[in-house]
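Peer 1:
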Amino acid sequence: MSRHLEGKVAAVTGGGRGIGREVCKALSAQGAAVVVNDLGVSVAGQQETVSPADEVVKALKAAGGSASSNHQDISTPEGGESLVNQAIKDFGQLDILVNVAGILRDRMIFNMTIEEWDAVVRVHLRGHFCTMRPATAHMRERKFGRIINFSSNSAQGAPGQPNYAAAKAGILGLTWSSALAMHKYGVTVNAIMPGAATRMTDTIPAGRLAGAPAESDAAAGTPMDPANVPPIIVYLSSDEAKDVTGQCFGASGYRITRYTHLEPDRVIFNNGPWDIDHLFKVFKQTLGTGLKAPRMF
Ligand SMILES: NC(=O)c1ccc[n+]([C@@H]2O[C@H](COP(=O)([O-])OP(=O)(O)OC[C@H]3O[C@@H](n4cnc5c(N)ncnc54)[C@H](O)[C@@H]3O)[C@@H](O)[C@H]2O)c1
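Rendered as structure tokens:
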């Protein structure tokens, strides 16, 4: 069986652990050279002393792949640029960017501090911009690129994660905007809503992640093994997926889901500006019927 990413060069943020590590392994196994980025932080984003990126690079090389590590903070413009520049310096180009890095600081909206808000929006939403800005400039010149962003099911309304939900919904808007802007340059941009047992899901109350073992340590070989997320990412990274752009796919367990875009559901018209009393009169029977709560599943 031929490999699907032979000759391609990929950069993966947050590639040192969890889902990112499995993405690096899968891209490498399919023939891509991989720049493994990881700052080496705790789930809450506090800096640790070692970056796990080096370990992943060692494993990829031991399996016969080409790889190099990058330890920069991708939520800074310097970090994003260093990642793209390193791919070009070490391997000559950048074909595939996978934005996996992320942190959590969960709190109810009425208790959340501005620091908790900023830290999470910074790593996820700003982090995506900081890598995509230089990556799209490079890919536009080469008329080829694959960008895979990491959203989350939580974007659909996780009640205890207002910062994370907002950042992950923002990543969808960024994905759609960039997909439309970049299609004419041969660059596709898609989003993933993953589900896998990792140290990140170890922090959420038991039972919320369907099919997850109690601890991520026991995930290997189960449906929630993070190794089950990458296949759709490999597909989206390939030449084959040239016309798949601006989409969001769920990848959780053995299930791959395609999501719809937001579409108008019901519309009411008036012959001129809406009279407030008239809107009060008709709302319940028109826009107010069959209201659904935001849906997480
Ligand atoms: N695990 C799930 O079920 C799940 C569900 C929905 C979304 N996600 C998303 O998938 C992605 C991966 O999550 P995971 O569960 O593998 O988490 P994880 O904590 O195992 O891995 C995240 C990695 O990102 C790195 N990182 C954090 N901030 C960084 C920064 N500023 N620069 C560079 N690296 C940084 C961390 O050091 C860590 O190695 C995240 O974006 C997460 O929000 C995960």
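Just so you know, we're using my numbering here: the sequence shown kicks off at 1094 and counts up by one. Note that beta-carbon positions come from the ideal geometry of N, C-alpha and C, so glycine has one too.
1. Do you know whose CA, among A1311, T1291, D1332 and P1252, lies nearest R1114's CA?
2. For R1110, does the count of other Cβ atoms within 10 angstroms reach 16, so buried, or fall short, so exposed?
3. List the DSSP bridge partners of I1325.
4. Tell me the DSSP bridge mates of M1232?
5. Contact between the segment 1164-1183 and the segment 1198-1211: three or more CB pairs below 8 Å?
6. Do you know whose CA, among V1150, D1336, A1320 and W1210, lies nearest Y1347's CA?
7. Could you tell me whether the Cβ atoms of V1469 and A1125 are closer together than 8 Å?
8. Our contact map puts I1326 next to I1241 with C-beta atoms below 8 Å; I'd like the distance itself, whole angstroms only.
9. What separation, rounded to the nearest whole angstrom, lies between the Cα atoms of L1384 and N1256?
10. Do the CB positions of L1153 and C1117 come within less than 8 Å of each other?
11. Could you check whether the segment 1272-1279 touches the segment 1225-1240, counting it as contact only if at least three pairs of C-beta atoms, one from each stretch, sit closer than 8 Å?
12. Taking only the alpha-carbon atoms, compute the straight-line gap between R1351 and F1342 and give it to the nearest angstrom.
13. Is it the case that the CB of S1168 approaches a heavy atom of ligand 1 more closely than 7 Å?
14. Checking 8 Å against the spacing of the C-beta atoms, do S1159 and F1184 come in under that value?
15. At what residue ranges does the segment 1230-1297 contain a whole run of the alpha helix (DSSP H), taking only runs of 4 or more?
16. Just reading off the alpha helix (DSSP H) that I1189 is part of, what are its end residues?
17. Within the present structure, is the beta-carbon of G1288 separated from the nearest heavy atom of ligand 1 by less than 7 Å?
Peer 2: Answer, in terms of the structure:
1. T1291
2. buried
3. Bridge partners of I1325: none, in fact.
4. Bridge partners of M1232: none, in fact.
5. no
6. A1320
7. The structure shown does not extend to residue 1469, since the chain spans only 1094 to 1390, so no value can be given for it.
8. 5 Å
9. 25 Å
10. yes
11. yes
12. Distance from the CA atom of R1351 to the CA atom of F1342, rounded to whole angstroms, is 5 Å.
13. yes
14. yes
15. Counting whole runs of 4 or more residues, the segment 1230-1297 contains the alpha helix (DSSP H) stretches 1255-1275.
16. First-last for I1189: I1189 to N1192, but that is the beta strand (DSSP E), not the alpha helix (DSSP H).
17. yes
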